[in-house]
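Under this note's numbering, the sequence shown has 90 at position 90, and the numbering climbs by one with no breaks. All residues carry an ideal CB built from backbone N, CA and C; glycine is no exception. Computed from a prediction, not measured in an experiment: that's the story for all the values here.
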Amino acid sequence: MTKVNYDRFASFDINECCDHFDSEKPSNWKKINKFIIADGQEYAHIMETEFDFEDTGDGEYEAFQAGVKYALTKMNIAFEAAGVDLQVCEVDLVESMGFVLVRADDEPEDFVKRVLKKPVMMVDSWV
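Quick look at the structure:
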């Protein structure tokens, strides 16, 4: 059996792209958040409210994070085996790291344009 690396996720720089397209409106981020499948900033809250953990410490947080990485790595393996052109990528969400579901060939710019479902004007400072 092949050893699986549970820390091997492609990086996806969604913040730079959103800055590039000046996507700071809360309504735009609500559209983008639909594709954020794990947000490290929410882990402690989810453990305490949904799984009845009390006083979550570093050990519980790390175990929960390891479970998330395990499940998302298995999803990537299943997507590839099924020939589905989707992948889970690691993303910097400013306050924490998280994971986003994207098309396998997506670039952040293409992703944001498609999610917002409209042409997006570039910010002059990036031109």
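Per DSSP, what kind of secondary structure is residue i in: helix, strand or coil?
{"i": "Glu-48", "result": "helix"}
{"i": "Val-91", "result": "strand"}
{"i": "Glu-42", "result": "helix"}
Would you call residue i buried or exposed, if buried means 16 or more other Cβ atoms sit within 10 Å of its Cβ?
{"i": "Ile-14", "result": "buried"}
{"i": "Val-84", "result": "exposed"}
{"i": "Pro-108", "result": "buried"}
{"i": "Tyr-43", "result": "buried"}
Within the continuous beta strand (DSSP E) that includes residue i, where are the two ends?
{"i": "Arg-103", "result": "97 to 103"}
I need the boundaries of the alpha helix (DSSP H) containing residue i, first residue and last residue.
{"i": "Asp-39", "result": "Counting along the chain, Asp-39 falls outside any alpha helix (DSSP H), though it belongs to the beta strand (DSSP E) covering 36 to 39."}
{"i": "Val-202", "result": "No answer is possible for residue 202: the residues shown for the chain start at 1 and end at 127."}
What residues in its chain sit with their C-beta under 6 angstroms from that of residue i, if we drop five residues either side in the sequence?
{"i": "Ser-125", "result": "In this prediction, Ser-125 scores a pLDDT of 46, lower than 50, which makes its location untrustworthy; the coordinate-derived value is nonetheless stated afterwards. Answer for Ser-125: no residue qualifies."}
{"i": "Gly-98", "result": "Ile-36, Ala-38, Asp-39, Gly-40 and Val-91"}
{"i": "Phe-111", "result": "Val-102"}
With 9 angstroms set as the bound, which would you pick, yes or no: does the beta-carbon of residue i sit closer than that to a beta-carbon of chain B?
{"i": "Tyr-70", "result": "The structure shown contains no chain B; it is built from a single protein chain."}
Among residues of its own chain, excluding the 5 on either side of residue i, which ones have a beta-carbon nearer than 7 angstroms to its beta-carbon?
{"i": "Val-94", "result": "Asn-15"}
Identify, in the order they occur along the chain, each residue of the same chain with its Cβ nearer than 8 angstroms to the Cβ of residue i, setting aside the five sequence neighbours on each side.
{"i": "Val-4", "result": "Thr-73 and Ile-77"}
{"i": "Glu-54", "result": "Glu-48"}
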